[in-house]
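Worksheet for the structure shown next.
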Amino acid sequence: MNVLLDNLTSGSMVFLIRQTLIYAVPLMIVALAGVYAERSGIINLALEGIMIFGAFIGVLFVRLVQQWGWFDAVYKAKDWIGLQGFVLLTMLVAAALGAAFSMLLAFAAINLKADQTVGGTALNLMAPALVLFFVRLIANQNTLQMATGDSASWFMLKKSTFGIGRTQEVGFLFDTFVNKVYPATYVCILVFIVMSVILYKTRFGLRLRSCGENPQASDSLGINVFKMRYAGVAISGALAGMGGFVYAMTTTNCTANGDVAGFGFLALAVMIFGNWKPLSIAGAALLFGLFKCIAASYGSLYLINGAGEKIYFLKELQINTNFYRLLPYLITLVVLAFTSKNSRAPKAEGIPYDKGSR
Amino acid sequence: MSKTPFFRQPGTRSVMASVISILCGLGAGSLMIFIVGLCTPALGLKSVWDGIRLVIAGLFSTGRDAVGALTFGFNPTNIGNMLFRATPLVLTGLSVAVAFKTGLFNIGAPGQYLAGTCATLFIALSIPTTEMAIPGIEPTSIPPVVVWILAFAGGMLAGALWGAIPGLLKSLLNINEVLACIMTNWIAANLVTWAFDISNLKNLVEGTKTGYIYKTTINGVATSKMGLDKLFPGSQVNGGIIIAAVLAVIVYIMLTRTTFGYQLKACGSNRFAARYAGIKDKRNIVLSMSIAGALAGAAGSLYYLSGNTEFFWSTYQQLPAAGFNGIPVALLAANHPIGVIFTGAFMSMLDICGLQLTNLTAYNEYITDVIIAVIVYLSAFSLLIKSLLSSRKKKDEPAVKAEPQPTLANDQEVKPE
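Quick note, the sequences are listed as chains A and B, same order. FYI, my numbering numbers position 276 of the first sequence as 276, with every residue one higher than the one before it. FYI, my numbering numbers position 417 of the second sequence as 1417, with every residue one higher than the one before it.
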């Protein structure tokens, strides 16, 4: 019993949970972005592009605000609540501009009845090109960084944030969920829950979903399909833009270089994997995040045996690093192979709404 | 039956729609340069004028003269390099186009490209020829051209096999091909890194750069120049572009003149109607993806067999852009195999313009990527442009039928039987 408890509260477990959340949360929120668009009837292949754009906008905003010195006093005073307010503000800005960027897709897909896959691909090409063009002009290199300091020193919660000494022991829960954590992660989880509830438990959500299933029926009941689809894409863009910034802040130290390592496409995969349902998506994202985390740090994960020794079991297996790196993708494919029969996409997605058609 | 006038033929309209998209794209790029130039005090109007000229005619740029003004003229190096860079673009564009014709969105070209690259490099470097120069490996009596053929065939085969995986998953298990392609892309990126990581093909001779594989020329294996180097001296051009063009013609004949091609297109138009007509839709989906994969594999194969390119092997975090760029090439050509040759060349021309822009002005090459994105965005409503063109001409003609475009998942709930 003690061995089990030791393992569950070991440093290895703390690290695993913390790191899994960092990978899983952007995936989760961006996959939900995909759900909002697809449930309203628009395929949003542009998630990757919007993430890249959101990451750039977020980093640029942080950089500009640092240059203007708005939060210098807050930083010097080590007022972590103020700094988290800064993060929240940046998330809002990234979300707003992500939504604005996604309007390009909405306009093409809804008003002009263009092919949605192509429109999404165009946005995926546009975002890295625009971002790199401006990054090069602003920073004279291919990576945009914060003006001063780094992501961890400004936005991460640490023991010292709460006046606790570096070597002082803290409880398991504090260590896992507060120490070395970005509160933005929890904000995202909260947003995920709220947006999921809106999608399923409100009149707006029901109407939005109806437009992705049978827009003609929705229209006959007085629902404005065009408006609903615009709303779906806008929310999708906002969530993806926010997710892009959170990804940049938590995993790439608040830098933007026109790349999010395929996270937008992975989010799309998580969305299909999660069968367009928020709860399944959360599960799929956590699974994916867990394997990503194992791939990144399998060498430092250990179990504790009865004698209290640390056993680095994954390291001892001596399997090539690359195997762990491809594991998340392989597992997704295998799981899909078993579950694809039950897969159910929104019926009207990808089809431009035409009032005249039956 | 009277012949349709030239301007009313669907083909002409497709070309017109693409040309309009291209002009709008170039206009948008110029506008961006203009705005950025005006908003940045250091740049000014003169640099705007330079930038716009380079975006449009960068291919013919010959640098700057003594007083610093841009000069233009016939530049064989640029044109040769354009043809060299066009080779993989034409082939990945073909790959995407073939899959599109069968109603599949092949976003897996990067993975197939990597598979082709990997197989080609392994074959080209591990069969020692008469000219083998890797330290510790003895030259043999095998002529390099045999190894070249084996390496190219191996690259295409590897691409075909890698493309067949999403095809099989789609036809047997009804897994969305976009999803399967995204996963196989990343699996390929990791497998390729793994394979080269444990191989002994890492370039240790030229110690200046790390992380690269030997060039195939170290084994004497390189694509024949076919006289093109005489035509365009000082450039990287080789026979690869001719091979790519020949493959495009073969694909065109296959799609338009054979029963098999007709079956592929029938599956793309309506999979279930095709099945009702006795066409084996599942087999055709797998074959279509394999052909697409083989073409993308050939792209990677030819690019690295050129002998003047090095492969950065630790690619597990990044997919090759050449794979994704096949999508705009195919879209701009409206999935026409012959059109792909020209749009591929156009895209690589923009590439060259971008390089000139970086070298000669304060702007950078990413403006050309913006132009490509604008063009693709506009080609999304090429249907609209086409119908506008046709409605202006004559009213009685039926509207142009939409090319069947695959959608992400709307075929999933259609249960057979």
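Just so you know, even glycine gets a beta-carbon here, dropped at the ideal spot from N, CA and C.
- Counting the other CB atoms within 10 Å of its CB gives residue 175 of chain A a total of 16 or more, which places it among the buried residues.
- Taking all protein chains shown into account, residue 1177 of chain B has 16 or more neighbouring C-beta atoms within 10 Å of its C-beta and is therefore buried.
- Contacts with chain A (Cβ-Cβ distance below 9 Å) from the stretch 1100 to 1129 of chain B involve 1105, 1107, listed in chain order.
- For residue 55 of chain A, the CB contacts under 7 Å within the same chain, skipping 5 residues up- and downstream, are 244, 245, 247, 248, 256, 260 in chain order.
- Nearest neighbour of residue 179 of chain A by Cα position, chosen from A/92, A/354, A/15, turns out to be A/15.
- Neighbours of residue 1050 of chain B in chain A, taken as residues whose beta carbon is under 7 Å from its own, are absent, since the nearest beta carbon is some 16 Å off.
- The bridge partners DSSP lists for residue 310 of chain A are A/304.
- Against residue 329 of chain A, the close residues of chain B are 1183, 1186, 1187, in the order they occur along the chain (beta-carbon pairs closer than 7 Å).
- Contact with chain A is found for residue 1174 of chain B, since one of that chain's Cβ atoms lies less than 8 Å from the residue's Cβ.
- With fewer than three CB-CB distances shorter than 8 Å, the stretch 1095 to 1106 of chain B does not count as touching the stretch 1121 to 1128 of chain B.
- For residue 1201 of chain B, there are no C-beta contacts with chain A under 7 Å, since the nearest C-beta of that chain is about 16 Å from it.
- Classified as exposed, residue 1039 of chain B has fewer than 16 neighbouring CB atoms from the shown chains inside 10 Å of its CB.
- By the Cβ criterion, the stretch 261 to 276 of chain A is not in contact with the stretch 70 to 89 of chain A, since fewer than three pairs of Cβ atoms, one from each stretch, lie closer than 8 Å.
- Around residue 69 of chain A, the same chain offers no residue with a beta carbon nearer than 6 Å, after the five sequence neighbours per side are excluded.
- Contact between the stretch 1298 to 1305 of chain B and the stretch 1105 to 1120 of chain B is present: three or more C-beta pairs spanning the two stretches fall below 8 Å.
- Residue contact check for residue 63 of chain A against chain B: no CB pair falls below 8 Å.
- The three-state reading of DSSP puts residue 1375 of chain B in helix, counting H, G and I together.
- Annotation: Cβ neighbours of residue 108 of chain A in chain B (cutoff 8 Å, chain order): 1377, 1380, 1381.
- For secondary structure counted as the alpha helix (DSSP H) over 4 or more consecutive residues, the stretch 1186 to 1244 of chain B holds these complete runs in sequence order: 1228 to 1231.
- By the Cβ-count criterion, residue 136 of chain A is buried, with 16 or more other Cβ atoms from all chains shown falling within 10 Å of its own Cβ.
- Residues of the same chain with a CB within less than 8 Å of the CB of residue 91 of chain A, apart from the 5 flanking positions on each side, are 58, 184, 187, 242, 245, 246 in chain order.
- Between residue 1180 of chain B and residue 303 of chain A, the CB-CB gap reaches or exceeds 8 Å.
- Closer than 8 Å to the CB of residue 1179 of chain B there is at least one CB belonging to chain A.
- Counting along the chain, residue 1061 of chain B sits inside the beta strand (DSSP E) bounded by residues 1061 to 1064.
- 8 Å or more divides the Cβ of residue 131 of chain A from the Cβ of residue 193 of chain A.
- Excluding sequence positions up to five before and after residue 235 of chain A, its CB lies within less than 7 Å of the CB of 36, all in the same chain and listed in chain order.
- Contact with chain B is found for residue 272 of chain A, since one of that chain's Cβ atoms lies less than 8 Å from the residue's Cβ.
- Close CB contacts of residue 148 of chain A within its chain, under the 6 Å cut and outside five residues either way in sequence, are with 66 (chain order).
- For residue 1072 of chain B, the enclosing beta strand (DSSP E) has its first and last residue at 1070 to 1072.
- Within chain A, no residue has its beta carbon less than 8 Å from that of residue 1054 of chain B; the closest one is some 15 Å off.
- Per the coordinates, the alpha-carbon of residue 317 of chain A lies some 14 Å from the alpha-carbon of residue 297 of chain A.
- Chain-order list of chain B residues neighbouring residue 133 of chain A: 1364, 1366, 1367, 1370, by C-beta distance under 7 Å.
- In the structure shown, residue 1362 of chain B adopts coil according to DSSP, grouped into three states.
- For the set A/79, A/201, A/62, the Cα lying nearest the Cα of residue 162 of chain A is the one of A/79.
- Residue pairing by DSSP places residue 130 of chain A in no beta bridge whatsoever.
- In the structure shown, residue 112 of chain A adopts coil according to DSSP, grouped into three states.
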